[in-house]
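Worksheet for the structure shown next.
There are 2 protein chains.
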Amino acid sequence: MAKPKIYLSGPDVFLPDARAIGLRKKRLCEEFGFVGLYPLDHDLAAAPGATLDEKIFSANVALMRQADAGIFNLTPFRGVNADPGSAFEAGFMAALGKPVFAYTNNSAALFDRVAAAHGVHGAPEGEYCDAQGLSIENFGNADNLMLDGALKAQGRRVIRPDVTLPGCGDLDGFMACLRQAQAHFSI
Amino acid sequence: MAKPKIYLSGPDVFLPDARAIGLRKKRLCEEFGFVGLYPLDHDLAAAPGATLDEKIFSANVALMRQADAGIFNLTPFRGVNADPGSAFEAGFMAALGKPVFAYTNNSAALFDRVAAAHGVHGAPEGEYCDAQGLSIENFGNADNLMLDGALKAQGRRVIRPDVTLPGCGDLDGFMACLRQAQAHFSI
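Which chain is which? The protein sequence lines are A and B, in order.
Each position in the first sequence, counted from 1, maps to that position plus 1 in the numbering used here.
Each position in the second sequence, counted from 1, maps to that position plus 1 in the numbering used here.
Written as structure tokens, this is what we have:
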């Protein structure tokens, strides 16, 4: 059987060492029996689209359609939440019915991150709100319930390891996703 | 012909007046010839899922599958980016091949918001980065290129009106999306 292809989604592409981390992830994919598809590898010259951003969009969409599964890095990016590009891609692959795996290098629940960064008021009778009066989801999830929910609907959870390196450099969570993918694909 | 159904996605559900803004949006949908499907209206008792968040997830997914199109409020939420739940849903509906419409009540480009909130360094030869060294997309888009790209691939742009009310209270952008939807569905 051909090795299953895994789309590697996350804010990793914005890191100073974006290409190096992509290589590390693809090498780990190989070790675990997969082929990793990393967004920075695509052939933009051939991609449809009038402008560079449109070409990147259509190339990423092509990779997601080609992939058998996706691993999503939901580590908070420029704030308390996951990168919206990764969130978009998680929705895209979930809608295609493909298995989605995810990890975050911030083990705190969304609720605790929002409370720490934006304050917490209200409840226990009503809802918890931040200092701006915006309600805070309090389900113990890693992020917005649509993200965690996509995994729960497939019988999995977002992996939230205790990591020593802050940010996206630690790949323990990524490897845990690869082990879940091995179980899913019986590898 | 039955009125097309539009899924109403956005961080509106987290606002103190979440139900009131949902009613306003649904009333506008009716005026423009549509039926608005607002996430807070679903029947959670009947939704599959072991816990409340799982039930909300599956009910939202059912609404998106039922809808003929989606209007996404991409106004920045708790930071420089769109709410990741809305981003997930935009990806979900784009993958289903449904028309996606979007607006934001912050007319600034993502690049300018990130530069203002997180600093800007580097370029013109290389890439622009924020103070943490994370590269900043510089395409003039409203948000991450996957979000704008989903609309561009369908021949549209994220609507970025100059609004007088900060936050999500102003519905000029929402109405502009409804006009685009009328053109799309020939209403």
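Note that the Cβ used here is the ideal one computed from N, Cα and C, for glycine as well.
Quiz item: Is His43 of chain A helix, strand or coil by DSSP?
Solution: Taking the first residue of the first sequence as position 1, residue 43 of chain A is located at position 42. DSSP places His43 of chain A in coil when its eight states are reduced to three.
Self-check item: is_contact[His119 of chain A, chain B] using C-beta, thresh 8 Å
Solution: Within the first sequence, residue 119 of chain A is the residue found at index 118, counting from 1. Yes, contact with chain B.
Practice problem: Could you round the C-beta distance between Phe112 of chain A and Ile72 of chain A to whole angstroms and report it? I think they count as a contact, below 8 Å. | Solution: Position 111 of the first sequence holds residue 112 of chain A. Position 71 of the first sequence holds residue 72 of chain A. At roughly 25 Å, the Cβ-Cβ gap does not stay under 8 Å, so Phe112 of chain A and Ile72 of chain A are not in contact.
Quiz prompt | Beta-bridge partners of Ile72 of chain B, as assigned by DSSP | solution = For the purposes of this step, residue 72 of chain B is identified with residue 71 of the second sequence, where counting begins at 1. Answer by DSSP bridge pairing, in chain order: B:Leu9, B:Phe102.
Quiz prompt | Interface flag, Pro20 of chain A vs chain B, CB-CB below 8 Å | solution = Taking the first sequence and counting its residues from 1, the one referred to as residue 20 of chain A is at position 19. The sequence as given places Arg at residue 20 of chain A; Pro does not occur at that position. Cβ-Cβ to chain B under 8 Å: no for Arg20 of chain A.
Self-check item: Residues, ordered as in the chain, of the stretch 126 to 147 of chain B that lie near chain A by beta-carbon distance below 7 Å
Solution: If the cut-off is 7 Å between Cβ atoms, the stretch 126 to 147 of chain B has Gly134, Leu135, Ser136, Phe140, Asn142, Asp144, Asn145, Leu146, Met147 near chain A.
Quiz item: What span of residues does the beta strand (DSSP E) with Val36 of chain A cover, start to end?
Solution: Looking up residue 36 of chain A in the first sequence gives position 35. First-last of the beta strand (DSSP E) with Val36 of chain A: 36 to 38.
Quiz item: So who's on the other strand from Ser136 of chain B, going by DSSP bridges?
Solution: In the second sequence, the residue the question calls residue 136 of chain B occupies position 135. Looking at the DSSP assignment, Ser136 of chain B forms a beta bridge with B:Cys130.
Self-check item: chain B within 8 Å of Asn82 of chain A, Cβ atoms only
Solution: Sequence index remark: in the first sequence, residue 82 of chain A carries index 81 (1-based). True, the Cβ-Cβ gap to chain B drops below 8 Å.
Quiz item: At a Cβ cut of 9 Å, what residues of the stretch 170 to 184 of chain A count as close to chain B, listed as they run along the chain?
Solution: Here the close residues number zero.
Quiz item: Does the beta carbon of Gly86 of chain A come closer than 8 Å to any beta carbon on chain B?
Solution: Here the question's residue 86 of chain A lines up with position 85 in the first sequence. Gly86 of chain A counts as touching chain B.
Exercise. Check each candidate in B:Leu29, B:Ala63, B:Val81 and name the one with the smallest Cα separation from Glu138 of chain B.
Key: Here residue 138 of chain B corresponds to residue number 137 of the second sequence, with the count starting at 1. Here the closest residue by C-alpha is B:Val81.
Quiz prompt | Selected residue, minimal CA-CA separation from Ile188 of chain A, among A:Gly34, A:Lys27, A:Leu29 | solution = On the first sequence, position 187 is the one that residue 188 of chain A refers to. For the options A:Gly34, A:Lys27, A:Leu29, the alpha carbon positioned closest to that of Ile188 of chain A is the one of A:Gly34.
Practice problem: Report the rounded CA-to-CA distance for Gln133 of chain B versus Asp18 of chain A, giving the unit in angstroms. | Solution: As a position in the second sequence, residue 133 of chain B is number 132, starting the count at 1. As a position in the first sequence, residue 18 of chain A is number 17, starting the count at 1. One C-alpha to the other measures close to 12 Å.
Quiz item: Under 8 Å Cβ-Cβ, which residues of chain A neighbour Phe112 of chain B?
Solution: To locate residue 112 of chain B, count along the second sequence from 1; it is residue 111. In chain order: nothing, as chain A lies at least about 12 Å away.
Quiz item: What separation, rounded to the nearest whole angstrom, lies between the Cα atoms of Phe78 of chain B and Gly92 of chain B?
Solution: Residue mapping note: residue 78 of chain B aligns to position 77 of the second sequence, counting from 1. Residue mapping note: residue 92 of chain B aligns to position 91 of the second sequence, counting from 1. When the Cα atoms are used, Phe78 of chain B and Gly92 of chain B turn out to be separated by approximately 18 Å.
Quiz item: DSSP state of Ile22 of chain A, grouped into three classes?
Solution: Taking the first residue of the first sequence as position 1, residue 22 of chain A is located at position 21. The answer is helix: DSSP assigns Ile22 of chain A an H, G or I state.
Practice problem: Answer with buried or exposed for Leu152 of chain B, where buried requires no fewer than 16 other C-beta atoms within 10 angstroms of its C-beta. | Solution: As a position in the second sequence, residue 152 of chain B is number 151, starting the count at 1. It is buried - the Cβ of Leu152 of chain B has at least 16 other Cβ atoms within 10 Å.
Quiz item: Over what stretch of residues does the alpha helix (DSSP H) that includes Val115 of chain B continue unbroken?
Solution: As a position in the second sequence, residue 115 of chain B is number 114, starting the count at 1. From DSSP, the alpha helix (DSSP H) with Val115 of chain B extends over 111 to 119.
Quiz prompt | Within 9 Å of chain B by C-beta, residues of the stretch 14 to 48 of chain A in sequence order | solution = Those residues of the stretch 14 to 48 of chain A that come within reach of chain B (Cβ to Cβ, closer than 9 Å) are Val14, Phe15, Leu16, Pro17, Ala19.
Quiz item: Listing by chain order, which chain A residues have their CB less than 9 Å from the CB of Asn61 of chain B?
Solution: Taking the first residue of the second sequence as position 1, residue 61 of chain B is located at position 60. Within 9 Å Cβ-Cβ: Leu146, Met147, Gly150.
Practice problem: Starting from the C-beta of Lys1 of chain A, find all residues in its chain whose C-beta is less than 7 Å away, skip the five residues before and the five after it, and write them out in chain order. | Solution: Lying outside 2 to 188, the shown extent of chain A, residue 1 of chain A is not represented and no answer is given.
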